[in-house]
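Using my numbering, the letters of the sequence shown correspond one by one to residues 282 to 616.
The structure appears right after this line, and notes come after that.
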Amino acid sequence: LEVLKIVNTSKLLDKSYGLSLSDQYWICPQDSDLTWSKINFFDNDFSEDVGDVLFGKRSSGDEISLISPDNTSDGWLRKKWKIIDGKRCLIKGGSGATQQEPYNEVLASAIMRRLNIPHIPYTLIVENNYPYSVCEDFITTDTELISAWYVMQTQKKQNHVSIYQHYKNCCEALGISGIQDSLDKMMTLDYIIANEDRHQNNFGVIRNAATLEWMGAAPVFDSGSSMWFDKPLPMIQPTEMSLPSKPFKTDHNEQIKLVSSFEWLDLSKLKDIDEEYYELLKDSPFVDAPRCDALCYALRKRIEMLSDIVVRHTKYSVMDDITNEVREDIAYRGK
C-alpha cells in the first residue's frame, strides 16, 4: 500500500474495478463506457506491476498500473498472476526458513495424479534461488469458484449438526452432486501430507457463471501448508497422535474417520513417491539433507499408517455388511 500510495485495500479493489480470475463479478463506474468484454482479465492483458511490487520489485519510477488481478488476491504467501504462453497462471512462493510450500504443492500434485484425484497440477520454478509453485487458473470466462464458506452460508447450521454434515447438507440442498466422493479424496490426501490449512476458503464448488448451474466440486488446490512446512527438524513426527488439521476436525486421526469409502484408493500407486519427493527437495538451498531425509521418511510412514486405517475400515465394513445380511435373514425368517 505504501509503494502504491493507496490508503487501504478497499481503494486497491476500486482501482481494478473489483476484477479477479476466480469469478465474473466487477464494479462498473457510473456513466462509464466500459464493458466486461473490454476489461475482464480472462480475455484481456493485465499489468504485472502490482505483482512485481508484491514480490519486492519496486517500479523503475514509471507510473504503476493498478489494472491487475493481484489487487484481489488473498492469503499470506507472496503470489502474483502472470500470463504464460497465453495462459493465466498463479505464481506462489514459500515462507520462513525452509521455503517448503512450493515443493509441497508439487508433491501433492504427484500424489493426486497417481491416485486419480481431480486436482490442479503444480510445477516448480526457481528464481534468484527461491522456489515458486506455478499453476494454471482453473476458472474460465464461463465459470466461478464458490468457496465452501459461502456454500455453508446458504443454510443456518443447527447446533447439533457438525460442520462436516452441514457442508454436505448445504450441497445436497443446492443439488450439487459428487460431494461425498470429493471430500473422501481431499481428506485422504490431507492425511497423507499432514495438511494443516485446508480451510473453508481453499476448497469448494464450481458453477456456471451465466446459468448458475452447479457443476460439482472444485478440483483440489492449495495444499502447500503441509509436510511440517514451518516446523523445525525435531518436530517432524509423522506418528504424532494429534497432528493439526482442518476444516472438519482439529486433528487428522479424527478427520480421516469421516472418509466414507476407500474403495477408490490403491496405495500401491504411491510406490517410490518418497523418492520423487527427495528429487524435488535435494537441490533446495533451504532444505538440508537431514530435513530432506526426515520428510521423506515421514511421507512413507504416513502412507503406511493410512494403509493400516484402510485395512481396519474394510474389515469393519465387511462386518457391518454381514450383520446387515443376518438381520435381513432373521427378519425374513420371522415373517
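Glycine included, each C-beta is placed from N, C-alpha and C at the ideal position.
Please go through the same chain and pick out, in chain order, the residues whose beta-carbon is closer than 7 Å to the beta-carbon of residue i, but skip the five residues on each side of it.
i                 : result
phenylalanine 510 : Thr379, Gln381, Glu382 and Asn385
threonine 531     : Pro525
tryptophan 495    : Leu455, Gly456, Ile457, Val486 and Arg488
leucine 551       : Ile392, Arg395 and Ile584
valine 607        : With a pLDDT of 47 at valine 607, under the threshold of 50, the modelled position of this residue cannot be trusted; read the value that follows with caution. Same-chain partners within the cutoff: there are none.
Can you find the residues in the same chain that come closer than 6 Å, C-beta to C-beta, to residue i, ignoring five residues on each side of it along the sequence?
i                 : result
isoleucine 420    : Ser303 and Leu426
proline 515       : none
serine 581        : Residue 581 is actually arginine in this sequence, not serine. Excluding positions up to five away in sequence, the list reads Asp555.
phenylalanine 323 : Thr422
tryptophan 307    : Tyr298, Gly299 and Leu300
threonine 404     : Val415
Just the C-alpha distance for residue i and residue j, rounded to the nearest angstrom, thanks.
i              : j              : result
lysine 437     : asparagine 450 : 11 Å
glutamate 417  : histidine 400  : 11 Å
isoleucine 474 : isoleucine 457 : 27 Å
glutamate 585  : glycine 497    : 31 Å
isoleucine 487 : isoleucine 398 : 16 Å
alanine 499    : methionine 393 : 14 Å
serine 428     : proline 402    : 19 Å
isoleucine 345 : valine 284     : 9 Å
lysine 363     : aspartate 351  : 10 Å
threonine 290  : serine 354     : 11 Å
serine 297     : serine 318     : 15 Å
lysine 373     : glycine 332    : 11 Å
serine 565     : leucine 358    : 19 Å
lysine 596     : threonine 316  : 59 Å
isoleucine 517 : glycine 377    : 16 Å
glutamine 305  : glutamine 446  : 29 Å
asparagine 482 : lysine 286     : 29 Å
valine 592     : leucine 293    : 52 Å
Would you decide whether residue i is buried or exposed? Buried here means 16 or more other CB atoms lie within 10 Å of its CB.
i              : result
asparagine 489 : exposed
cysteine 309   : exposed
leucine 300    : buried
histidine 441  : exposed
valine 407     : exposed
glutamate 453  : exposed
proline 571    : exposed
valine 288     : exposed
glutamate 520  : The amino acid occupying residue 520 in the given sequence is threonine; glutamate does not appear at that position. Classification for threonine 520: exposed.
Need the endpoints of the beta strand (DSSP E) that residue i sits in, please.
i              : result
tryptophan 317 : No beta strand (DSSP E) holds tryptophan 317; the alpha helix (DSSP H) holding it covers 317 to 320.
leucine 371    : 368 to 373
lysine 563     : Counting along the chain, lysine 563 falls outside any beta strand (DSSP E), and DSSP gives it neither H nor E.
glycine 485    : 485 to 489
isoleucine 444 : No beta strand (DSSP E) contains isoleucine 444, which is instead part of the alpha helix (DSSP H) from 444 to 455.
glutamate 408  : 404 to 408
isoleucine 378 : Reading the sequence as shown, one finds alanine at residue 378 and not isoleucine. Careful: alanine 378 lies outside any beta strand (DSSP E) and carries neither H nor E.
glutamate 417  : 411 to 417
glycine 332    : That residue, glycine 332, is in no beta strand (DSSP E); its alpha helix (DSSP H) goes 330 to 335.
For residue i, tell me which candidate among the options has the shortest Cα-Cα distance.
i                 : options                           : result
lysine 360        : Met522, Ser414, Ile345 and Ser507 : Ser414
glutamate 544     : Arg369, Phe484 and His594         : His594
asparagine 261    : Ala491, Phe502 and Ile348         : Past the edges of the chain, shown from 282 to 616, lies residue 261, and the structure says nothing about it.
serine 523        : Ile287, Asp569, Leu539 and Glu535 : Glu535
phenylalanine 484 : Pro513, Ala491 and Tyr448         : Tyr448
phenylalanine 567 : Gln311, Gly356, Gly337 and Gly375 : Gly375
If you follow the alpha helix (DSSP H) that residue i is part of, which residue opens it and which one closes it?
i              : result
serine 463     : 460 to 474
arginine 395   : 382 to 396
leucine 294    : 290 to 296
tryptophan 430 : 429 to 432
glycine 356    : First-last for glycine 356: undefined, no H or E at that position.
glutamine 536  : 533 to 536
Quick one: residues in its chain with C-beta nearer than 8 Å to the C-beta of residue i, no 5 flanking neighbours on either side, listed in chain order?
i              : result
isoleucine 537 : Met468, Thr469, Tyr472, Leu587 and Ile590
lysine 368     : Glu417 and Asp418
aspartate 295  : Ile308
serine 443     : Phe529
Would you say the beta carbon of residue i comes nearer than 7 Å to a heavy atom of the ligand FAD?
i            : result
cysteine 309 : As for the ligand FAD, it is missing from this structure, which has no ligand bound.
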